[in-house]
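>
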Amino acid sequence: MRKLPVALALIPAAALITSCSDNGGAASGGSTAAQKPAVVTAEPVQSQAPQSQAAQAPQTQVKVVTDGLGDPFELAYAPDGRLWVSEKSGLKITRVDPQSGAKSTALDLTGKAFHSQDGQDGVLGFALHPDFGKGKGSDYLYLAYTYKNGNDSATKIVRYTAKDGQLSDEQPVLTGLPGHNQHQSARIRYGQDGKLYYSIGDQGHNYMADYCLPNHAQDLPTAAQVAASDWSLYQGKVLRINPDGSVPDDNPELNGARSHIYAYGMRNPDGMDFGGKDLYTAENGPLTDDEFNLITKGGNYGWPNVAGWKDDKAYVYSNWSQAKGGCEKLTYNPDPNTPPAEVPTTKETDFTKDMVSPLSTYGTTVESGHNFGTTPVCPDAASAYMCWPTMAPGSLKVYGDDVLVTSLKNGTVFRLSKDGKKYEELFRTVNRYRDVALSPDGKTLYIATDSEGQHMVRGDGGTPTTHLANPGAILAVPYDHNTTQ
Ligand SMILES: [Ca+2]
Ligand SMILES: [Ca+2]
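Sequence positions in the sequence shown follow mature numbering (1 follows the signal peptide of the UniProt record, and there is no 0) and run -24 to -1, 1 to 461.
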């Protein structure tokens, strides 16, 4: 294992999210300065980024366990003492010795799985069966990956069996799910109730390159569609699935039909995990309002009509697919608050359906009138999104009372209380943090980083950069896990 003298600068959340132009004091990779984690208290309906204080703390070190991975996506510390990691663009599942960093391939899906350059598709989330490695004949790994279905992309959930560090015997669980290079989400968990849970994003519809496609996060399938295995409206949902792929009898009946859908109205829930029986998600907001949610049976989480709380702050739903005279001739504007006149808009308070509000938006809710354009720190259109007040959650893991959410934009881990009222930022480096895994003794946190460099991260002084300090790596940092698991 190599050691890098990288300081862990612990940046107060407010410094990075209120304005990208005022965090010049933020230390990052290569600096010898380090700051104490700032505990931030945020009220559930708070819209201003909370204030915090920073103080000096002892310097510590980031260790690079291994690198050369192809966009590590899911990271798990398995009962065999190895870190198992899926590689989104590497199209593999790799086992890593956390001490030596030695790698071995457990599964190679080259030729079966599909990844678009810089896309959010590929070999994605996985979950180990609760009896994995216990000699009970249940050494199963449930995996989601994207594949080519004719000319289209699709996603499948499959089950593999582990033996001697290898995965084999692929069995389909659910195939023909929506698949795309945007907003896949694709986290899998195995619940205490023996069901599989799967987060599936809205596929980026009504956004960027796909701005003319209707967003289906609020749409629910009919009984006939379910009977025909038509999963096209599963975009923007949390699914609950029997391990054989069938629909659980006790799933909610929504709009007159029972399907795999457990909850809906999601944008891009890139993080999902259980804390006991409670299911949490971390969801990427549009230009504001990254969400921390507690998922309830049949719950509607508001997207795309509502971002964060239903407060009419800095967000209206601009529905490009319904533009007068057609969408294709219009030039896309990423700010939903200022669309062309032909695009119909609705206020959040126009949405009258029951919905579940987030537990927290990590301070990423701002007032209407916020400047989402260029700034001195983000001077051009290509970098402007890095100054939007989002932190871009990449994953969520629950360890005891700690909820850990990685940030793709800030290169930090947010540690939240389960009620979302407190959070702090830990372990800042100039990397895109995709996932974490805690060692069994609770003393080392492993962090997986993205490798493709087309996406930006906030570097020194908050300045956007594509120069990642440790691309495609697993980092190890000391962790103080002071609660019982
Ligand atoms: Ca929501
Ligand atoms: Ca809102």
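Glycine included, C-beta positions come from ideal geometry on N, C-alpha and C.
Every value quoted in this text rests on a predicted model; they were computed, and no experiment measured them.
1. Short of 6 Å in beta carbon distance, which residues of its chain neighbour LEU209, apart from the five on each side in sequence? Order them along the chain.
2. TRP364: beta carbon under 7 Å from a heavy atom of ligand 2?
3. For LEU384, which residues from the same chain have a beta carbon less than 6 Å from its beta carbon, with the 5 sequence-adjacent residues on both sides left out?
4. Could you please give the first and the last residue of the uninterrupted beta strand (DSSP E) stretch that includes GLN147?
5. With respect to the beta strand (DSSP E) encompassing VAL202, which residues constitute its N-terminal and C-terminal limits?
6. Would GLY294 pass as a contact of THR321 if the rule is Cβ separation under 8 Å?
7. Quick one: is the Cβ of GLY284 within less than 7 Å of any heavy atom of ligand 2?
8. Identify every residue that forms a DSSP beta bridge with ARG234.
9. Let me check understanding here. Comparing Cα to Cα, which of TYR455, PRO312 and VAL99 lies closest to LYS419?
10. Kindly list the residues whose CB is nearer than 6 Å to the CB of PRO447, restricted to its own chain and excluding five residues on each side of it in sequence; keep chain order.
11. What number of angstroms, rounded off, separates the C-alpha of PRO280 from the C-alpha of MET242?
12. Can you tell me whether ALA445 is buried or exposed? The criterion is at least 16 other CB atoms within 10 Å of its CB, across all chains shown.
13. Alpha carbons only, please: which of VAL389, ASP145, LYS394 and GLU400 is nearest the one belonging to THR425?
14. In the DSSP assignment, find the unbroken beta strand (DSSP E) run with ALA130 in it and report its ends.
15. Going by DSSP in three states, TRP60 sits in which element: helix, strand or coil?
16. Using 10 angstroms around the beta-carbon of VAL16, count the other beta-carbons present and answer buried if the total reaches 16, otherwise exposed.
17. Heavy atom of ligand 2 less than 7 Å from the Cβ of residue 462, yes or no?
18. Do you know offhand how far VAL342's Cα is from ALA290's?
19. Cβ-heavy atom distance between GLU146 and ligand 1 below 7 Å?
20. Looking at TRP296 and ligand 1, is the gap between the Cβ and the nearest heavy atom below 7 Å?
21. Find the nearest neighbour of PHE102 within the set SER62, LEU67 and THR86, judged by alpha-carbon distance.
22. Are the CB atoms of SER235 and VAL202 nearer to each other than 8 Å?
23. My guess is that LEU67 and VAL99 are in contact by the Cβ rule of under 8 Å, so how many angstroms apart are they, rounded?
24. How many angstroms separate the CA atom of ASN182 from the CA atom of LYS124?
25. Do you know offhand how far SER336's Cα is from LYS373's?
26. In three-state terms, what does DSSP make of TYR455?
27. Could you pull the start and end residues of the beta strand (DSSP E) that SER371 belongs to?
28. By how many angstroms is the C-alpha of GLN147 removed from the C-alpha of THR382?
29. With DSSP as the reference, identify every bridge partner of SER294, one or two as the case may be.
30. Among VAL134, ASP254 and ALA199, which residue has its Cα nearest to the Cα of ILE217?
31. Starting from the C-beta of THR340, find all residues in its chain whose C-beta is less than 7 Å away, skip the five residues before and the five after it, and write them out in chain order.
32. At a threshold of 7 Å, does ASP287 count as lining ligand 2 (C-beta to nearest heavy atom)?
33. Using a Cβ-Cβ cut-off of 8 Å (strictly less than) and excluding sequence neighbours within five positions of residue 462, which residues of its own chain qualify?
34. Out of curiosity, what's the CA-to-CA distance linking CYS354 and PHE108?
35. Over the uninterrupted beta strand (DSSP E) stretch that includes ALA358, give me the two end residues.
36. Is DSSP giving MET184 helix, strand or coil here?
With the given structure in hand:
1. Within the sequence shown, the letter at position 233 stands for residue 209. Contacts found: HIS192, ASP195 and PRO197.
2. In the sequence shown, counting from the first residue as 1, residue 364 sits at position 388. TRP364: no, Cβ never under 7 Å from ligand 2.
3. In the sequence shown, counting from the first residue as 1, residue 384 sits at position 408. ALA368, GLY370 and ARG408.
4. Residue mapping note: residue 147 aligns to position 171 of the sequence shown, counting from 1. It spans 142 to 154 - the beta strand (DSSP E) in which GLN147 sits, taken as one unbroken run.
5. What you label residue 202 is simply residue 226 of the sequence shown in a count that begins at 1. Careful: VAL202 lies outside any beta strand (DSSP E), inside the alpha helix (DSSP H) at 199 to 203.
6. What you label residue 294 is simply residue 318 of the sequence shown in a count that begins at 1. What you label residue 321 is simply residue 345 of the sequence shown in a count that begins at 1. The sequence shown places Ser at residue 294, rather than the Gly named in the question. Yes.
7. Within the sequence shown, the letter at position 308 stands for residue 284. Yes; taking the cut-off as 7 Å, the Cβ of GLY284 has a heavy atom of ligand 2 nearer than that.
8. If you number the sequence shown from 1, residue 234 lands on position 258. Note: ARG234 sits in a beta bridge opposite GLU229.
9. Residue 419 sits at position 443 when you count from the first residue of the sequence shown. That would be TYR455, whose Cα lies nearest to the Cα of LYS419.
10. Looking up residue 447 in the sequence shown gives position 471. Excluding positions up to five away in sequence, the list reads SER427.
11. Translated into the one-based positions of the sequence shown, residue 280 becomes position 304. Translated into the one-based positions of the sequence shown, residue 242 becomes position 266. The straight-line gap from Cα to Cα measures roughly 8 Å.
12. Within the sequence shown, numbered from 1, the residue matching residue 445 stands at position 469. Within a 10 Å sphere around the beta-carbon of ALA445 sit 16 or more other beta-carbons, which makes this residue buried.
13. Counting from 1 along the sequence shown, the entry for residue 425 is found at position 449. Here the closest residue by C-alpha is VAL389.
14. The residue you call residue 130 lines up with position 154 of the sequence shown. Here the beta strand (DSSP E) through ALA130 covers 128 to 139.
15. As a position in the sequence shown, residue 60 is number 84, starting the count at 1. Note: TRP60 maps to strand in three-state DSSP.
16. Taking the sequence shown and counting its residues from 1, one reaches residue 16 at position 40. Confidence in VAL16 is poor, its pLDDT being 42 and thus under 50, which makes the residue's placement unreliable; the coordinate value appears in the next sentence. That one is buried.
17. The structure shown does not extend to residue 462, since the chain is modelled only from -24 to 461, so the question has no answer here.
18. To locate residue 342, count along the sequence shown from 1; it is residue 366. To locate residue 290, count along the sequence shown from 1; it is residue 314. For VAL342 and ALA290, the gap between their C-alpha atoms comes out near 6 Å.
19. Here residue 146 is taken as the residue at index 170 of the sequence shown, counted from 1. Incorrect: GLU146 has no Cβ contact closer than 7 Å to ligand 1.
20. Residue numbering aside, residue 296 sits at position 320 when the sequence shown is read from its first letter. TRP296: no, Cβ never under 7 Å from ligand 1.
21. Your numbering for residue 102 matches position 126 in the sequence shown. Closest by alpha carbon: SER62.
22. The residue given as residue 235 occupies position 259 in the sequence shown. The residue given as residue 202 occupies position 226 in the sequence shown. Remark: C-beta atoms of SER235 and VAL202 approach each other more closely than 8 Å.
23. On the sequence shown, position 91 is the one that residue 67 refers to. On the sequence shown, position 123 is the one that residue 99 refers to. Indeed, because the Cβ distance is near 5 Å, the residues count as touching under 8 Å.
24. Position 206 of the sequence shown holds residue 182. Position 148 of the sequence shown holds residue 124. Whole-angstrom Cα-Cα distance: 23 Å.
25. What you label residue 336 is simply residue 360 of the sequence shown in a count that begins at 1. What you label residue 373 is simply residue 397 of the sequence shown in a count that begins at 1. Going from the Cα of SER336 to the Cα of LYS373 covers about 16 Å.
26. The residue given as residue 455 occupies position 479 in the sequence shown. Coil, per DSSP.
27. Locating residue 371 in the sequence shown gives position 395, counting from the first residue. SER371 -> beta strand (DSSP E) spans 369 to 375.
28. Here residue 382 refers to the residue found at position 406 when the sequence shown is read from its first residue. Here residue 147 refers to the residue found at position 171 when the sequence shown is read from its first residue. C-alpha of THR382 to C-alpha of GLN147: approximately 31 Å in a straight line.
29. Within the sequence shown, the letter at position 318 stands for residue 294. Beta-bridge pairing links SER294 to THR321.
30. Numbered from its first residue, the sequence shown carries residue 217 at position 241. It is VAL134 whose Cα lies nearest to the Cα of ILE217.
31. Reading the sequence shown from its first residue, position 364 is the one you call residue 340. Contacts found: ILE(-8), GLY261, THR264, ASP265, ASP266, PRO365, THR366 and MET367.
32. The count along the sequence shown starts at 1 and reaches residue 287 at position 311. Yes, the beta carbon of ASP287 sits closer than 7 Å to at least one heavy atom of ligand 2.
33. For the chain, the structure presents residues -24 to 461; residue 462 sits outside this window and is missing.
34. Counting from 1 along the sequence shown, the entry for residue 354 is found at position 378. Counting from 1 along the sequence shown, the entry for residue 108 is found at position 132. C-alpha separation (whole angstroms): 47 Å.
35. Counted from its first residue, the sequence shown places residue 358 at position 382. Careful: ALA358 lies outside any beta strand (DSSP E), inside the alpha helix (DSSP H) at 357 to 360.
36. Locating residue 184 in the sequence shown gives position 208, where the first residue counts as 1. If DSSP states are grouped into helix, strand and coil, MET184 belongs with the helices.
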